[in-house]
Each structure stands twice: as C-alpha cells, then as structure tokens.
Amino acid sequence: MAAGVLAFAALGSAQHSAPSPQAPPKELPKLEHFNTANVDSKAEPCEDFYKYADGKWLEANPIPADQVVWGTSSPLQLWNETVLLQALEQNSADNPKRTANEQKVGDFYFACMDTKTIDAHTAEWLKPELERIASIKDKPGITEEIAHLHQTIPGAWAPSDNQTDAALFGFSGQADFDNASRNVALIDQGGMALPARSFYLDEDPKSKEIREKYLKHITNMFVLAGEPADQARADAEVVMAMETAMAKAAMDPVARRDPRNLNNKMSLAQVKALAPSFDWDLYLKIVKSPATPHYIVTSPAFFKGAEVLLNQQPLDHWKTYLRWQMLHGYAPALSEPFERENFDFFRHTLYGAQQMLPRWRRCVRTTDGNLGEALGQVYVERAFPASSKQRVLQLVEDLQNVLSKDIEAADWMTPETKKQAQEKMRATLNKIGYPDLWRDYSSVTIGRSSYLLNRAQAAGFEYQRWVNKIGTPLDRTEWGMTPPTINAYEDPQTNTVNFPAGILQPPFFDPKQDDVVNYGAIGAVIGHEIIHGFDDQGRKFDAQGNLRDWWTESDTKEYEKRGKCISDQYTQEIPEAGPGVKQDGKLTQGEDTADNGGLHLALLALERDLARQGKSLGEKGPDGFTNLQRFFLAYAFTWCEHYRPELIRTLVLSNPHSYSKYRVNNVVSNMPEFKKAFGCHDGQKMVHINFCRIW
Ligand SMILES: [Zn+2]
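Counted the way our numbering counts, the sequence shown spans residues 147 to 841.
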C-alpha cells in the first residue's frame, strides 16, 4: 500500500541558477549549505519564522521559468542528475565493452535524447496502437486493451495516495493487510488523469476553468492523433463524462487514509460479481497473474460504478476512452507536439511551469524512473561513501532510542499499549542509501531505435515484477525509491524506514556541518519517517506489518484527541494557493503528525548528543546564534522553497503533505522549546494556543 513519504514525490524540479541552460553542464554544480547569514534579521521570528529563516534566500533566488519548485534542495536535484548524466553520457555510445546494465541505461538515454528519430517515427509508432483500439469488437476486446495498456504504460501496478493514473484500474501484488508476510492480488481504483476525484466534481470557478482546459487538452491530443477538430471535441466530452463517472464512484482520499476501508477481501467469484461485464478471467490470463489466497478490492463502490459504465456506455465510447488513455500514457515518449501539449496542461496549467525542462534533464529522470536500480549503482559509487551510510544509520538508531524513551514517558498511554509500541519500533528495519541486492534487469531488452518501445519494455518488466509477487512471501529488503531520489519513506507493511542516498547529501545531511545542523536537517527527516509508523495510519499496523488494532480503547481515545488537535490546526485557508482554497487537515494529518513528532524527536536526540559532548542547547556559536536557534534555523532551511501558485493549489487539493511554509511555522508553533529559543510570548503567531503533541 501507499507508504508515508517525506515530500511531494516526482515533482522535484530544481536547478542552480535562472534561467536553465539547455545544454548539459560540464561539471557538478555547487550545493547549498546551511549558513546563518541567510537569516532575515529584519523579520520577526515569533510572527513568521519561515520568513525570518528563509525569506532572504527566497527573495534572492526566484523560480526559473522551467521550474515549478525552487528551493535550497534544488541544487542537489541538479547535482544528482549531473552525476547520473556523466555516467549516461559515457555509456550512451554504442560500445561493445559496455556491461549489460551500462548498455541498457546508455541506450535508453540515447533513444530518449534522439528527438530526430522520435519526431520522424511517432506516426508510425502510433498506427498499430490506434488500429488495435479501432478493431475492438466486444467487451472482451476492452479487457484485452486495458491489459495491454497496463503492460506498456508505466504505473498501472502502483496505487498512489489518491488513485491510480492507469486505464480504469490498477493491479499488482501487495502485502496482505491481515498477514503481511505474504503478497496477495490487489485491485485498486484508477482511470482518471486529473490529480484527484475532486478535480472532476468541485463547482468553484477555478475548478471549472481547469476542467475546460482539460477538455481542450484532450481535444488537442485527439487532433494530434489525426482526428478532425469537431470529432475530437465530441470525443473529449465522452472522455470527460466517463472519467467524471469514475470520480463519482471512487473512494474519497480522506477515506482512503484509513487502511481498514481498503481491506476488502474477496474471492474471484465476488470480484466477478462486482463487475461482471469486465472479463476478469481473460485479464488475469493475459497478465499471467499467479494464484492468490484472495483478492483485495480497495474500493468496491468504484467497481460497481465501472460496471455501470461497461453496461451503459456504447462500445464506441469505450474505444474513445481507451484511445485517450493510450495517447495520455504514451505522450512523454512521442514527438514534440505531443510532448508540448502534454506539458501545457499537466505542467503548465496544473503546476504553473513556464517552460519545459531541458531535454537532458527529462531524459536523465526518465532513465532513473524506468531503470532506476541499473542506473543507481553508479550514483552510489560516485556520491555515497560508506562513512555517510554509517553515520546516518547511527542517527536513525539514535532517534529510535529517543522515541523509545518518549513512549515510556507518555502519560496518556497505558503500559499494555506502550509495550506493543516498543515492540513495533524494535522490529523496524532501517534501510540506508541503496538495496543490498540490486534488481536483475536481464530480461529487459533496450535498443537504440525506439524510445517508445524502450519505455514500454521497461514498463512491462516493472508491471510484471509487481504481478509476479502475488502468492510469494513479502520481501522487506526491496526498495520503492531509486538511490538518487531526494525523498524518503516509511512502509507500514514491511515495517521499514527507507532513506535513499539521494537525500543523504547537503543541505539535508552535510558531513561538513556540526551535529546541531545535521539534527535539525536530516535528523528531522529521519524522525519524520520513524513517526510515520505511529501516525494515524501507521499506528493501525503492528510490529509484523499486519493491520491489527493493538491499542486499548482508552489509548485510542487519547490518541484521537491529540490527532484532532493537529488536524484542526492544519485545517486552514492557504492564501498562497488562491482565494478561498482551504487545506483539509484530515487529509494531511499523517504527514503533519510526522513533521511535528519528527522535529521533536530530533531535538531530544540532539540534546542528548550535546550532553555527551559536554555541550548544551543554550550555548552560542561564533555566529551569535544559540545551538537551539541554529537547530530550528537548519530545519527551516531544508524547507526553504517556493512553489508556483498553480502547484500549491493542485497540491493543497490533492496531496497529503502541507505546503512548506506551514511545515515550518505550524510545527515550531507547537514547540515550547521554540518559544524559549526566540523569546516569543503568548499571543504571537508562532505560539499556538494549544501546543499539539502526540509524539
Ligand atoms: Zn511523510
């Protein structure tokens, strides 16, 4: 199931200076390091700490045209991509001395960069795909095409936080909720290309405007595929009507946050009874699905809705929907007009990007996204020394020890529940940097002539890998992020915390900085992931990763009271997202709990660490700031980033993370230590009336 992650995944976009150079850099860019010279001493820390800590940097570093997010971790994004680029450029020449992995990643990158071939062959590549769909004659034909799209477009195996962006639904092997030691088949809702179901249903003017632009985008895609304009518009309306019906039937993202709502065990006969018009036997046969103890259907109501569509919509409408799903899924690998049209809606309208990223960056990212563990080995060799791995592991264990003491000291928990919590924490597997065993890509064929085919090959491999898990024991050592990723995650079912090498770099982990800075930066990240195991979602899983209620009734009540303090605090207007846009604190409660608990843990751990060295939080450094102040400043520095307003709106309405400014201000305002550090008093904005605290 979806795991608690640190940041907005896959949006990371960054570079060192504006505007972005189209040509690949010749050397590694400079990284951003924490420095109190960035503090805006004219701002008032107790009124807006984010402005005080980050305002000066943000003012001096506007967002480049091709970026949607721009902050202190942006140079790291470019740095990581440049490390990968150097390896890819070495391997992209057709050289018989390349290893098998070097050939695959090198040729994947080469074919992606070869826009001349892509532009010249797009029509020829699309022709058989359009013909396949045109020749569908009956309902089994719809099933066949959905299976084909799942096997050729990246992502059909991956239930996301909200829904799968895959034709009609998502399918994969996932840990069983009741017995996490084994994988079963999971069938998830999907089929919608907009970021969340509310995008189809909300009635405010901005939502309507976005839907009108979406209709226009679908129309343009059909025109590019050869349809006359009138027909294309009529077809786009069919797609919109079908996706809107799916959105109405889909489960709400807040309801999806409770894993008990997703754990609907069914036999194949029951799955078939839900949506008899879909040929399940045929689908399972095509995707070579292994035997499963049972199926988990995350959202039965969604499949009842799909059944209505299968029954009532004419075959032609389904062909139109599938044609759109195909064009949408293939667009990033097609000719420039398709890519531009795709950019125009999904990156410009929804996120606010003014210009496309340079081609080399898109190709580095897609190589990482599709063949991540073949490419990631080079990143680890070049960028992640054993000393970093060692130190980060120490930090993780240090924070876990502190949490153990924190649990013991919690006056609202009964001894029974504390015992279970301690057991869960002790059973957590800490994964740092990269996998011990790298994925075997020997069955993936990558060539130099068709980027679209390469992408389909990699997507098919990845899809099959997930399907093949069905019926097998759970593997806790596998990674869900690639090594150069600037992110981290906790997975409740494997009971693991995972920190890719990509985030274990400045400004998050900085071997050149002292402990105070590192606890405030990477320490808070580590604490965040550890706390996910005990947020409103994570706490429902036990030490073995099973969905099991190990809380006494009174402990649950106490927990929920504290959780409500957080979700109420974060249910707020977000002026940066546009007039009237409000965050739903119930959607972000898990991430907010992790932010609050994570920083608290990091501070407790730092205090212990300083005491061991005979130092204290109150001591001043040469820059005139106390250690306690530097800790909070270092934390704020990692979240120093601006977003385009379009992106903020899209995220507030669809993403479980709070916007950076509130990840700083709402967290520090819950900490009496912050109040003390900056001499704030009651009534000031950074002093929350009720200090919310769970962990
Ligand atoms: Zn998180």
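We put the beta carbon where it would ideally sit given N, CA and C, even for glycine.
Between the CA atoms of residue j and residue i - distance to the nearest angstrom
| i | j | result |
| --- | --- | --- |
| Leu779 | His746 | 14 Å |
| Tyr716 | Leu799 | 13 Å |
| Gln500 | Glu358 | 20 Å |
| Asn308 | Phe607 | Unreliable placement is indicated for Asn308, whose pLDDT of 49 sits below 50; no coordinate value is reported for it. |
| Ile592 | Glu248 | 11 Å |
| Lys707 | Glu554 | 19 Å |
| Lys570 | Gln690 | 8 Å |
| Thr268 | Thr261 | 10 Å |
| Phe317 | Pro300 | 12 Å |
| Glu285 | Ile668 | Looking at the sequence shown, residue 285 is not Glu but Lys. The straight-line gap from Cα to Cα measures roughly 52 Å. |
| Leu272 | Phe489 | 19 Å |
| Ala415 | Ile442 | 13 Å |
| Lys418 | Pro399 | 25 Å |
| Ala437 | Asp334 | 18 Å |
| Arg611 | Pro657 | 37 Å |
| Arg572 | Glu519 | 29 Å |
| Thr702 | Cys711 | 14 Å |
| Gln540 | Asn576 | 10 Å |
| Pro210 | Ala477 | 24 Å |
| Asp714 | Lys172 | 49 Å |
| Phe777 | Ala395 | 47 Å |
DSSP state of residue i mapped onto helix, strand, coil
| i | result |
| --- | --- |
| Gly475 | helix |
| Asp490 | helix |
| Met412 | strand |
| Gly744 | helix |
| His834 | coil |
| Asn308 | Summary for Asn308: the model assigns pLDDT 49, below 50, so the residue's position carries little reliability; its value from the coordinates is reported in the next sentence. Three-state DSSP puts Asn308 in coil, outside helix and strand. |
| Thr772 | strand |
| Ala331 | strand |
| Val185 | coil |
| Ala567 | helix |
| Ser588 | coil |
| Asn664 | helix |
| Lys577 | strand |
| Lys766 | strand |
| Asp240 | coil |
| Ile442 | strand |
| Tyr805 | coil |
| Pro818 | helix |
| Thr734 | coil |
| Glu178 | coil |
| Val433 | coil |
| Arg839 | coil |
| Phe824 | coil |
| Asp637 | strand |
Cut-off 7 Å between Cβ atoms - residues of its own chain near residue i, not counting five sequence neighbours on either side
| i | result |
| --- | --- |
| Pro405 | Met147, Phe323, Gln683, Lys686 and Leu693 |
| Ser440 | Strictly speaking, residue 440 in this sequence is His, with Ser absent from that position. Only Val330, Lys411, Met412 and Ser413 meet the Cβ criterion. |
| Gly137 | Lying before the first or after the last residue shown, residue 137 is absent from the chain, which here runs from 147 to 841. |
| Leu517 | Lys250, Val251, Phe254, Tyr587 and Ala604 |
| Val590 | Lys250, Gln603, Ala604 and Phe607 |
Own chain partners of residue i with C-beta closer than 6 Å, once the 5 adjacent residues on each side are dropped
| i | result |
| --- | --- |
| Tyr198 | Asp186, Ala189 and Pro191 |
| Ser534 | Leu650 |
| Ile677 | Ala740, Gly743, Gly744 and Trp841 |
| Ser806 | Trp785 and Glu787 |
| Gln566 | Trp696 |
| Lys465 | Ile279 and Ile282 |
| Pro581 | Trp625 |
| Gly475 | Ile299 |
| Ala257 | Arg594, Tyr597 and Asn600 |
Bridge partner(s) assigned by DSSP for residue i
| i | result |
| --- | --- |
| Asn207 | In DSSP, Asn207 forms no bridge with anything. |
| Val215 | Tyr789 |
| Lys728 | Glu719 |
| Gly669 | Bridge partners of Gly669: none, in fact. |
| Ala112 | Since the displayed the chain opens at 147 and closes at 841, residue 112 lies outside it and no answer follows. |
| Leu693 | Phe687 |
| Thr365 | Paired residues: none, contrary to the question. |
Spatial neighbours of residue i in its chain, beta-carbon cut-off 8 Å, leaving aside the 5 residues before and after
| i | result |
| --- | --- |
| Leu230 | Val510, Thr513, Asp514, Leu521, Val524, Tyr525 and Pro630 |
| Leu420 | Met412, Val443, Pro446, Phe449, Lys450 and Glu453 |
| Leu456 | Lys285, Ile288, Ala421, Ser423, Phe424 and Trp464 |
| Val671 | Leu152, Ala634, Phe645, Ile649, Phe654, Gly744 and Thr784 |
Contact with chain B by residue i, beta-carbon distance below 8 Å
| i | result |
| --- | --- |
| Leu222 | Looking at the structure shown, chain B is missing, and only one protein chain is on hand. |
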